[in-house]
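Asks: Residue numbers (the numbering used here), protein chains in the order written: chain A, 1 to 159; chain B, 1001 to 1159; chain C, 2001 to 2159.
Below is the structure I would like to discuss, written out as structure tokens.
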Amino acid sequence: MAEKKKTNIILFSGDYDKAMAAFIIANGAAAYDHDVTVFATFWGLNAFRKENQVPVKKGFLESMFGRMMPRGADKMGLSKMNFAGIGPKLIKKVIKKHNATPLPELIEMAKEQEVNLVACTMTMDLLGLQKEELIDGLQYAGVATYLTEAEEGQVNLFI
Amino acid sequence: MAEKKKTNIILFSGDYDKAMAAFIIANGAAAYDHDVTVFATFWGLNAFRKENQVPVKKGFLESMFGRMMPRGADKMGLSKMNFAGIGPKLIKKVIKKHNATPLPELIEMAKEQEVNLVACTMTMDLLGLQKEELIDGLQYAGVATYLTEAEEGQVNLFI
Amino acid sequence: MAEKKKTNIILFSGDYDKAMAAFIIANGAAAYDHDVTVFATFWGLNAFRKENQVPVKKGFLESMFGRMMPRGADKMGLSKMNFAGIGPKLIKKVIKKHNATPLPELIEMAKEQEVNLVACTMTMDLLGLQKEELIDGLQYAGVATYLTEAEEGQVNLFI
Chain A
1 MAEKKKTNII
11 LFSGDYDKAM
21 AAFIIANGAA
31 AYDHDVTVFA
41 TFWGLNAFRK
51 ENQVPVKKGF
61 LESMFGRMMP
71 RGADKMGLSK
81 MNFAGIGPKL
91 IKKVIKKHNA
101 TPLPELIEMA
111 KEQEVNLVAC
121 TMTMDLLGLQ
131 KEELIDGLQY
141 AGVATYLTEA
151 EEGQVNLFI
Chain B
1001 MAEKKKTNII
1011 LFSGDYDKAM
1021 AAFIIANGAA
1031 AYDHDVTVFA
1041 TFWGLNAFRK
1051 ENQVPVKKGF
1061 LESMFGRMMP
1071 RGADKMGLSK
1081 MNFAGIGPKL
1091 IKKVIKKHNA
1101 TPLPELIEMA
1111 KEQEVNLVAC
1121 TMTMDLLGLQ
1131 KEELIDGLQY
1141 AGVATYLTEA
1151 EEGQVNLFI
Chain C
2001 MAEKKKTNII
2011 LFSGDYDKAM
2021 AAFIIANGAA
2031 AYDHDVTVFA
2041 TFWGLNAFRK
2051 ENQVPVKKGF
2061 LESMFGRMMP
2071 RGADKMGLSK
2081 MNFAGIGPKL
2091 IKKVIKKHNA
2101 TPLPELIEMA
2111 KEQEVNLVAC
2121 TMTMDLLGLQ
2131 KEELIDGLQY
2141 AGVATYLTEA
2151 EEGQVNLFI
């Protein structure tokens, strides 16, 4: 039996549009029967935050980061033409109009297709994000795990 | 006969400097006899826009995006030190001074070297860009086509 | 004897957080016994600048770029939540608090692990950066060298 091809995406960016690109590729690769991993690190972790506030104990700096960063995929801004939050609204309108899939649904779809959704524990620690604040169904790992996958990957991207 | 090596670049960014990097790598890889594809998506599509306005019928949102986005490679801003458009002017001056190649010529060169220039149809649809508004010589495809190329690529980059 | 696996990272970004990600991956791959190259181009070159001003002769435009760009890894801003320089201070505080490694030390560590640190000569020329202004222990090369490495790489990333 031939080994499955592997696609490994590092999602570093916390932008709605870049995360959309990441999950469109991830879902496409899963549909092509690749073994797919989205490894979220730094601002990309915000795509995996729960929308509601979760009561966890944090230090002052970590609380501040927590308040300033978007709570979940739907709250993220655009990498271009963000215009203080108007850009994301416009993008969501055209997504709806053209029957494209909004980011939160793309992430749901990735889960259903068994894409490995991994949260980088080192940057969770840095930004003060705790497991309770992130959506269910994630794996938790570090750069070593990423590299083990990536060195066997056909498609490796940093987004 | 050995198969040609493949370089596949996703050009997501609409920044002059990032697009320069993408096309310098693309042209280099083509010179090394790689089979090269630049797959433009989201803001990267602006590098393929015609400079002049093309009369096409659009909805309100799509017209708005059309007006706000740069018309073509030469109009794009910088990812850093853009300074309301002064940065790109400076970069173009140093490009000229040091006999480097400006972005529009890099794209021309890529065409001459038979780099596959692909426009992502899904994001064209989202941003309301129509074929008539884009330069000649493009191919039109979606994420499935990208993945077919990328899974056989030696060098896959997301820029 | 099996060939070493190769990781090739293009560091285009001049952001502290993105450069951190680049060097965390680079150091991880070196620890896994990969042959690792970090190829710094455009704003990424700033990570290799010396902190102190080095007296070199420059044209007017090049001096201007020189003054506007951060002098070295420790002076770089964040890709998100930079807040006029407060963001980097906060990040450095959480790095210290969580015993993570700040960027300048990550670069030192990469040197010690014999990661190839390459400065892109074409963009050095464009931005007016001279060898005397960059840290010791760098190699100097262009896109051709990058491609020779990358076409044999298992993990190729553009950051």
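Cβ atoms here follow ideal geometry from the backbone N, Cα and C, with glycine treated the same way.
Which term fits C:K2006, buried or exposed, when burial requires 16 or more other beta carbons within 10 angstroms of its beta carbon?
Replies: Looking at its Cβ environment, which holds 16 or more other Cβ atoms inside 10 Å, C:K2006 is buried.
Asks: Taking C-beta pairs closer than 7 Å, name the residues in chain C that A:D125 reaches, listed in chain order.
Replies: In chain order: H2098.
Asks: Considering only DSSP beta bridges, list what C:L2116 is partnered with.
Replies: For clarity, residue 2116 of chain C is Asn in the given sequence; the question names Leu instead. Answer is C:T2037, bridged to C:N2116.
Asks: Are B:M1069 and B:Y1016 close, meaning C-beta to C-beta below 8 Å?
Replies: It is not a contact, given that the beta carbons lie outside the stated cut-off.
Asks: A:I86: buried (16+ other C-beta within 10 angstroms of its C-beta) or exposed?
Replies: Result: exposed.
Asks: Determine the DSSP secondary structure at A:K6, reduced to helix, strand or coil.
Replies: Looking at A:K6 - three-state DSSP - the assignment turns out to be strand.
Asks: Whole angstroms is fine: what's the gap from B:K1004's alpha carbon to C:F2083's?
Replies: Using only the alpha carbons, I get a separation of about 47 Å.
Asks: Does the stretch 2107-2123 of chain C come within contact of the stretch 2135-2144 of chain C, defined as at least 3 CB pairs closer than 8 Å?
Replies: Yes, since at least three Cβ pairs between the stretch 2107-2123 of chain C and the stretch 2135-2144 of chain C fall closer than 8 Å, the two stretches touch.
Asks: Is B:F1158 helix, strand or coil by DSSP?
Replies: B:F1158 falls in the strand class under three-state DSSP.
Asks: Counting contacts by CB-CB distance shorter than 8 Å, is B:N1156 in contact with chain A?
Replies: Output row for B:N1156: interface = yes.
Asks: Apart from the five residues just before and just after B:K1080, which ones in its own chain have a Cβ nearer than 8 Å to its Cβ?
Replies: Contacts found: D1017, G1087.
Asks: Taking C:M2068 as the query, report the chain A residues whose CB atoms sit under 9 Å from its CB, ordered along the chain.
Replies: By Cβ distance, chain A contributes nothing, its closest Cβ being about 22 Å from C:M2068, past 9 Å.
Asks: Three Cβ pairs or more, each shorter than 8 Å: is that satisfied between the stretch 2061-2068 of chain C and the stretch 2029-2040 of chain C?
Replies: No: the two stretches stay apart, fewer than three of their Cβ pairs being nearer than 8 Å.
Asks: Answer with buried or exposed for A:G59, where buried requires no fewer than 16 other C-beta atoms within 10 angstroms of its C-beta.
Replies: Counting Cβ neighbours within 10 Å, A:G59 comes out exposed, since fewer than 16 surround it.
Asks: Measuring CB to CB, does A:F158 end up less than 8 Å from C:F2158?
Replies: Going by C-beta atoms, A:F158 is nearer than 8 Å to C:F2158.
Asks: Going by DSSP, what residues sit across from A:A141 in a beta bridge?
Replies: Its beta-bridge partners are A:C120.
Asks: Residues in its own chain within less than 7 Å of B:V1056 by CB, not counting five upstream and five downstream?
Replies: Q1130, E1132, E1133, listed in sequence order.
Asks: Determine whether the Cβ of A:M109 lies closer than 8 Å to any Cβ atom of chain C.
Replies: Not closer than 8 Å to any Cβ of chain C, the Cβ of A:M109 fails to qualify, so no.
Asks: Would you tell me roughly how many angstroms separate the C-alpha atoms of A:E62 and A:T123, rounded to the nearest one?
Replies: Approximately 12 Å between the Cα atoms of the pair.
Asks: Going by the DSSP bridge assignment, what does A:R49 pair with across the sheet?
Replies: Its beta-bridge partners are A:L134.
Asks: Give the DSSP-derived three-state secondary structure of A:L103 in the structure shown.
Replies: The answer is helix: DSSP assigns A:L103 an H, G or I state.
Asks: Leaving out the 5 sequence neighbours to the left and right, which residues in its chain are closer than 7 Å to B:L1106 when beta-carbon positions are compared?
Replies: Closer than 7 Å at the Cβ level, and outside the excluded window around B:L1106, lie M1020, F1023, I1024, N1027.
Asks: For B:F1083, which residues in chain A fall below 7 Å Cβ to Cβ?
Replies: Ordered by position in chain A, no residue passes the 7 Å Cβ test against B:F1083, which lies about 17 Å from the chain.
Asks: Within the 8 Å Cβ cut-off, does A:L117 reach chain C?
Replies: No, because no Cβ of chain C sits closer than 8 Å to the Cβ of A:L117.
Asks: Have a look at the DSSP bridge pairing and note the partners of C:L2011.
Replies: Paired residues: C:A2040.
Asks: Closer than 9 Å between beta carbons: that is the criterion. Which residues of the stretch 2023-2049 of chain C meet it against chain A?
Replies: Going along the stretch 2023-2049 of chain C in chain order, one finds I2024, I2025, N2027, G2028, A2029, A2031, Y2032, H2034 with a Cβ nearer than 9 Å to chain A.
Asks: Please list the partners that B:D1017 has in chain C, where partner means a Cβ-to-Cβ separation under 7 Å.
Replies: Near B:D1017 (Cβ distances below 7 Å), the residues of chain C are F2042.
Asks: Who are the Cβ neighbours of C:C1973 in its own chain at under 6 Å, not counting the five residues just before and after it?
Replies: As displayed, chain C neither begins before 2001 nor continues past 2159, which places residue 1973 of chain C out of reach and without an answer.
Asks: In this structure, how does DSSP classify A:R67 when only helix, strand and coil are distinguished?
Replies: Looking at A:R67 - three-state DSSP - the assignment turns out to be helix.
Asks: From A:T145, A:A29, A:N99, pick the residue whose C-alpha is nearest to that of A:M110; which is it?
Replies: Going by the sequence as given, residue 110 of chain A is Ala instead of Met. Ranking A:T145, A:A29, A:N99 by Cα distance to A:A110 puts A:A29 first.
Asks: So the alpha helix (DSSP H) B:P1088 belongs to, where does it begin and stop?
Replies: Start and end: 1086-1097.
Asks: Would a check of beta-carbon distances place A:L54 closer than 8 Å to chain B?
Replies: Position check: residue 54 of chain A holds Val in this sequence, whereas Leu was assumed. Not closer than 8 Å to any Cβ of chain B, the Cβ of A:V54 fails to qualify, so no.
Asks: Let me check understanding here. Comparing Cα to Cα, which of A:L78, A:F12, A:I91, A:G72 lies closest to B:D1125?
Replies: The shortest C-alpha separation from B:D1125 is found at A:I91.
Asks: By the criterion of Cβ-Cβ separation under 9 Å, what are the contact partners of B:A1150 in chain A?
Replies: Within 9 Å Cβ-Cβ: T7, I25, A29, Q154, V155, L157.
Asks: Looking at B:D1074: is its Cβ nearer than 8 Å to the Cβ of B:L1103?
Replies: Yes, the pair counts as a contact, with Cβ atoms nearer than the cut-off.
Asks: For C:A2021, go through chain A and note every residue whose CB falls closer than 7 Å to its CB, in chain order.
Replies: Correct list: F12, T41, F42.
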